[in-house]
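Chains as they are written, first to last, in numbering that gives the first Met the number 0: chain A, 0 to 292; chain B, 0 to 292; chain C, 0 to 292; chain D, 0 to 292.
Single-structure report; data block below.
Number of protein chains: 4
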Amino acid sequence: MSERIGFIGLGHMGSAMAGSLLKAGYSMIAYNRTAAKIEPLLAQGASQASQPAEVVTPGGIVITMVAHDRALETIVAADGFLEKLGQNGVHLSMSTVSPATARAMSELHAKHGSTYVAAPVFGRPDAAALQKLVVCVAGASAAKERVQPILRALGQTVFDFGEEAAMANVVKVCGNFMIAAAMEAMAEAMTLVEKNQIDRSAFIDMLSQTIFAAPIYQNYGKMIAEKRYMPAGFELVLGLKDINLVLDTAEQSKVPMPFASLLHDRFMTNVAKGRGDIDWSGIAQGISEDAGL
Amino acid sequence: MSERIGFIGLGHMGSAMAGSLLKAGYSMIAYNRTAAKIEPLLAQGASQASQPAEVVTPGGIVITMVAHDRALETIVAADGFLEKLGQNGVHLSMSTVSPATARAMSELHAKHGSTYVAAPVFGRPDAAALQKLVVCVAGASAAKERVQPILRALGQTVFDFGEEAAMANVVKVCGNFMIAAAMEAMAEAMTLVEKNQIDRSAFIDMLSQTIFAAPIYQNYGKMIAEKRYMPAGFELVLGLKDINLVLDTAEQSKVPMPFASLLHDRFMTNVAKGRGDIDWSGIAQGISEDAGL
Amino acid sequence: MSERIGFIGLGHMGSAMAGSLLKAGYSMIAYNRTAAKIEPLLAQGASQASQPAEVVTPGGIVITMVAHDRALETIVAADGFLEKLGQNGVHLSMSTVSPATARAMSELHAKHGSTYVAAPVFGRPDAAALQKLVVCVAGASAAKERVQPILRALGQTVFDFGEEAAMANVVKVCGNFMIAAAMEAMAEAMTLVEKNQIDRSAFIDMLSQTIFAAPIYQNYGKMIAEKRYMPAGFELVLGLKDINLVLDTAEQSKVPMPFASLLHDRFMTNVAKGRGDIDWSGIAQGISEDAGL
Amino acid sequence: MSERIGFIGLGHMGSAMAGSLLKAGYSMIAYNRTAAKIEPLLAQGASQASQPAEVVTPGGIVITMVAHDRALETIVAADGFLEKLGQNGVHLSMSTVSPATARAMSELHAKHGSTYVAAPVFGRPDAAALQKLVVCVAGASAAKERVQPILRALGQTVFDFGEEAAMANVVKVCGNFMIAAAMEAMAEAMTLVEKNQIDRSAFIDMLSQTIFAAPIYQNYGKMIAEKRYMPAGFELVLGLKDINLVLDTAEQSKVPMPFASLLHDRFMTNVAKGRGDIDWSGIAQGISEDAGL
Chain A
0 MSERIGFIGL GHMGSAMAGS LLKAGYSMIA YNRTAAKIEP LLAQGASQAS QPAEVVTPGG
60 IVITMVAHDR ALETIVAADG FLEKLGQNGV HLSMSTVSPA TARAMSELHA KHGSTYVAAP
120 VFGRPDAAAL QKLVVCVAGA SAAKERVQPI LRALGQTVFD FGEEAAMANV VKVCGNFMIA
180 AAMEAMAEAM TLVEKNQIDR SAFIDMLSQT IFAAPIYQNY GKMIAEKRYM PAGFELVLGL
240 KDINLVLDTA EQSKVPMPFA SLLHDRFMTN VAKGRGDIDW SGIAQGISED AGL
Chain B
0 MSERIGFIGL GHMGSAMAGS LLKAGYSMIA YNRTAAKIEP LLAQGASQAS QPAEVVTPGG
60 IVITMVAHDR ALETIVAADG FLEKLGQNGV HLSMSTVSPA TARAMSELHA KHGSTYVAAP
120 VFGRPDAAAL QKLVVCVAGA SAAKERVQPI LRALGQTVFD FGEEAAMANV VKVCGNFMIA
180 AAMEAMAEAM TLVEKNQIDR SAFIDMLSQT IFAAPIYQNY GKMIAEKRYM PAGFELVLGL
240 KDINLVLDTA EQSKVPMPFA SLLHDRFMTN VAKGRGDIDW SGIAQGISED AGL
Chain C
0 MSERIGFIGL GHMGSAMAGS LLKAGYSMIA YNRTAAKIEP LLAQGASQAS QPAEVVTPGG
60 IVITMVAHDR ALETIVAADG FLEKLGQNGV HLSMSTVSPA TARAMSELHA KHGSTYVAAP
120 VFGRPDAAAL QKLVVCVAGA SAAKERVQPI LRALGQTVFD FGEEAAMANV VKVCGNFMIA
180 AAMEAMAEAM TLVEKNQIDR SAFIDMLSQT IFAAPIYQNY GKMIAEKRYM PAGFELVLGL
240 KDINLVLDTA EQSKVPMPFA SLLHDRFMTN VAKGRGDIDW SGIAQGISED AGL
Chain D
0 MSERIGFIGL GHMGSAMAGS LLKAGYSMIA YNRTAAKIEP LLAQGASQAS QPAEVVTPGG
60 IVITMVAHDR ALETIVAADG FLEKLGQNGV HLSMSTVSPA TARAMSELHA KHGSTYVAAP
120 VFGRPDAAAL QKLVVCVAGA SAAKERVQPI LRALGQTVFD FGEEAAMANV VKVCGNFMIA
180 AAMEAMAEAM TLVEKNQIDR SAFIDMLSQT IFAAPIYQNY GKMIAEKRYM PAGFELVLGL
240 KDINLVLDTA EQSKVPMPFA SLLHDRFMTN VAKGRGDIDW SGIAQGISED AGL
């Protein structure tokens, strides 16, 4: 664990992940656009970079965890980033971005002799802090092997989806779509039970202890039952972004996805009504309103 | 456990449930429209009735497990059924029927001095045989207490939704809606991963071991991944019936449920194409077709 | 024109239609549940009945124009109605009811020797007053021939859909569905142009003078452009009823109709929000709200 | 009419439009990527350019009529195009492109001293040949005045949507969405009448002579009634492009458009099934299939 990792992107998730890596013994140099967010990490032993390329060690490993495709592109396009990463460098990209961006990134890194590995994760910041993320990885085998200890320090379970980086992103956007679909289904059902004077929590507790006994139903089910959408663990406006990622992927793959289309309109309605900053489970609020509640 | 139970409705589910009750030591007289289906139960010690009312012991307990509201209404309207059940009798209705029917049934039984208890279940025949059903019960307290040992013999977990029988049915139709929604979401996602050359099973295995680690995703996920919709555990045409139950309930409660509407059209398309007799997870076949697979 | 017509149902449409028939020289005896509504007709020469059966002349013609299937069934079930209509009587049913009800009505009348002719109309009360309704008729030929002068007094154009009464109702519910679909499409488009600072009226005027130069687009387009949904020409809650009629017909015919499903949820949302009494074009208000306007 | 017009894009629509302008007395130099398509125009007096910039007269007028945003961008980026158009030149862009592209184009032309006028049209090639297009124009007033005679030679009715070019494109994409919505509604309704043994043509003829007496319903109604989707007047795959244009515009404007989302999935299903080259009214074929016809 002597290798120094470069880390870019210290939002809620990035900070929790970087913290877990420091705890696991990695040394780290970190960069964030908003410098203030980096301070807690410095206390844990990280050093601070003032520009993206500064976190890069030639032939080393850089992890990025940013909010959207554009942010990732900006980092990679930063002065000296790709040049410095150079031969044998590995860019471990853990953000939720589109498969199309992953494809473009893979080619771009290959041109500079480095390897782009996609490793998007499922889990919220608390899971990241507990090293309990679910990691989906794809990319060239040698690079994947090299980053394996890092991934294991973030989540016990690492799922490999082959040599093509973009495939991990296809899996990730599909998984996020399934989470959003589960939230919509729960919220529609809870609206119906509520209008029939049945307790929302009693309803979802029964299901999430039995046939739907899984974290998604337990955690989001509780939030939706209690109509508690603040503070946001994952902002609704980012949920809209994720639904657009799955719809864009479906467009290129010629797959009609009517549930995803409906979810798009659900998220958009909530964003248009000014609720982009609540938790994405807050789409349930729009569902209650539509029923006159 | 000396009480003799009357049991009506010996389809896949009913037979498995009746078998579990016999195993638990109950004595039983059973009726089924198609008499042949009753034979395996006779071997287990049940006796056979030739008419619905014949299973009724005055003041006793009758369990019904039939395919739809109409079948339930026909039984209750049969000559002598309500009259014989009479004072103190309990009709334990375990079928998936509409809350509206449950409401009407409650009133009708009350007029004859008996009690209608709704106790619809989640689980397929194999769960019924293993006494592992999830039971949702609602109705008058005294009657619920009386049937409690019976319910425990069918499922370890019994969830109580109050004094009004119809409420258990609201919960049940909402749960079935959520199962159908999960299947649609899985099938859309798997279609997208398949078109990107990712293995359907690898995708759903990852999710159903982690954030979606629940029976619904594990069992239906496997069927959908393998495109194995025969033999039917629960027929697609009955799935359409269940979606209509939730839509009817939503209509009366003034709740728009766009996912349920979409599921309705999905089920209807598959029924219109002549696939009403495959498993209801077979809606996934229509999703594949729409993507040109 | 010597024949005296019985007329039942004097809402906005019924009154305008009855007035046109009086103007055309028919003598009339009319019944309405709320007697007060009949007064303007009395001034025009109609006489008043105090019960449904009282408007019936044996072997004569009775016209009904009521709000829903239930109202029609109640009239026909009224004491003496069918018995008095008897041999050679014609029930000219002009309400928008379900094909299933029309089918049941046809059989019921046939048993009493009379004929049920379905003749639902397109057009609002002002068109009825101007004898400009569009009439769709179906039923036994002899009866259709007999009522032809009556239909011509209500609308210049009468379209014949064959011998089976229910077919006129299939056509009518499909037509109403198409109107609702046009309104939804206009409202979505106008919401988008409004958010781009384009005048809603300028937009719809252009289209409704050119490629969409038809009454539906001109009339409803103007209302939606001006967001003027009161007073109601046709109440939103009746629009929901009509969408349910088309969905019920589709269910029996095994036809998935996703636009109709979506319209159902749109109408239901507006009803749930307490807007059942505005004009049905007022579904546009829900569309504006969803866009944050 | 002495001014020589440059014309780029000679597909079905472009050729018909160019022909109308030649008939109206304009002189013309034309360019098309596939040179063969230009020949009929040469016979009518046009001269031929071998590159986009060659059609440009400094300070003159260039009309473009191409299939999508990318094609338009390629032309404008061609060597010398903008430089030659220069001061006082007018680019009259009649293609259906996105408002976002129109916005970018307006800025780009302004930088080179020329003016970008958007004038997308409604109507099919036969309307273009008869000078009966419906033209929606937007852009700087002086330039609009200058091109007015040209627009009048293509359509008797020209509708002005202000100074900002992109607004004409917003109107155009909304109009195309409304056409697609009308086709879907007609097709769903006709599927239902067909399954009830009613003649599709009789049904739509009635409506398109009365409350829907407009070209869209008459022309597309006939095609859909007769299930005649070849040859394509406007290809289904271009219909998908247009739905995506309206969805992209809605995304930027934060407007949920559920009908448009549903239409997207309808078009995508038909494209995925290999029917991208039939007429866009052919979405009706998917609707028939879903009903098992």
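The C-beta atom is built at its ideal place from N, Cα and C for all residues, glycine as well.
Apart from sequence neighbours up to five positions away, the residues of its chain that approach A/ALA181 with a beta-carbon distance below 6 Å are ILE215, ordered along the chain. Interface annotation for the segment 265-283 of chain D against chain B: THR268, ALA271, LYS272, GLY273, criterion Cβ-Cβ distance under 7 Å. DSSP lists D/ILE28, D/VAL61 as the bridge partner or partners of D/GLY5.
Cβ atoms of D/ASN168 and D/PRO119 come within 8 Å of each other, at about 6 Å.
With fewer than 16 other beta carbons inside 10 angstroms of its own, C/ALA76 counts as exposed.
When 8 Å is used as the limit between beta carbons, B/LEU261 is near these residues of chain C: PRO257, SER260, in chain order. Of all residues in the segment 137-171 of chain A, none is placed with a Cβ closer than 9 Å to any Cβ belonging to chain C. Excluding its 5 nearest sequence neighbours in each direction, C/PRO255 has C-beta neighbours in its own chain below 8 Å: ALA249, listed in chain order. Taking C-alpha positions only, C/LEU262 is separated from C/ALA179 by approximately 7 Å. For B/GLU162, the secondary structure class from DSSP, reduced to helix, strand or coil, is coil. For B/ALA290, the nearest CB of chain A lies under 8 Å from its own CB, placing it at the interface with that chain. In this structure, B/MET16 is the residue among B/MET16, B/LEU129, B/GLU82 with its C-alpha nearest to the C-alpha of B/VAL65. Membership of D/HIS11 in the alpha helix (DSSP H) is indicated by the continuous run 11-22.
The segment 108-159 of chain B is shown to contain whole beta strand (DSSP E) runs of 3 or more residues at 114-117, 133-136, 156-159, in chain order.
The DSSP assignment places 38-42, 68-75, 80-84 as complete runs of the alpha helix (DSSP H) inside the segment 35-104 of chain D, in order along the chain (cut-off: 4 residues). Looking from the CA of D/GLY281, the closest CA among D/GLN208, D/GLN251, D/LYS221 belongs to D/LYS221. Residue pairing by DSSP places C/ASP276 opposite no residue, since no beta bridge is assigned to it. Straight-line measurement puts the Cα of A/GLY24 at about 18 Å from the Cα of A/ILE37. Among the CB atoms of chain A, none fall inside 8 Å of the CB of B/SER105. Taken in chain order, the complete alpha helix (DSSP H) segments of 4 or more residues contained in the segment 189-231 of chain A are 199-208, 214-225. Closest in alpha carbon position to A/GLY13, among A/MET267, A/THR95, A/LYS110, A/GLU288, is A/THR95.
The contact set of D/VAL254 on chain A, defined by CB atoms closer than 9 Å, consists of MET267, ALA271 in chain order. When DSSP reads this structure, D/GLU234 sits in a beta bridge with D/ASP278.
Not flagged as an interface residue toward chain A: B/ILE223, since no C-beta distance is shorter than 8 Å.
B/ALA224 sits away from A/PHE176, with the two beta carbons spaced by 8 Å or more. Using a 10 angstroms sphere on the CB of B/GLY154, the tally of other CB atoms reaches 16 or more, which defines it as buried. Under the 8 Å criterion on CB atoms, D/THR248 is classed as interfacial with respect to chain C. Contact annotation for D/LEU244 against chain C: no contact, minimum CB-CB distance about 11 Å [criterion: below 9 Å]. Within a 10 Å sphere around the beta-carbon of D/GLY273 sit fewer than 16 other beta-carbons, which makes this residue exposed.
Using a Cβ-Cβ cut-off of 8 Å, B/GLY220 does not count as an interface residue toward chain A, since no Cβ of chain A sits closer than that to its own. The DSSP-derived three-state label of D/ALA249 is helix.
Rounded to the nearest whole angstrom, the C-alpha separation of C/HIS67 and C/GLN196 is 41 Å. Across the structure, B/LYS110 and B/GLY5 are spaced so that their CA atoms are roughly 21 Å apart. Taking 8 Å as the CB threshold, D/LYS226 stays off the interface with chain C. Per DSSP, C/VAL254 lies in no alpha helix (DSSP H) and is assigned neither H nor E. At least one CB of chain A lies nearer than 8 Å to the CB of B/VAL133.
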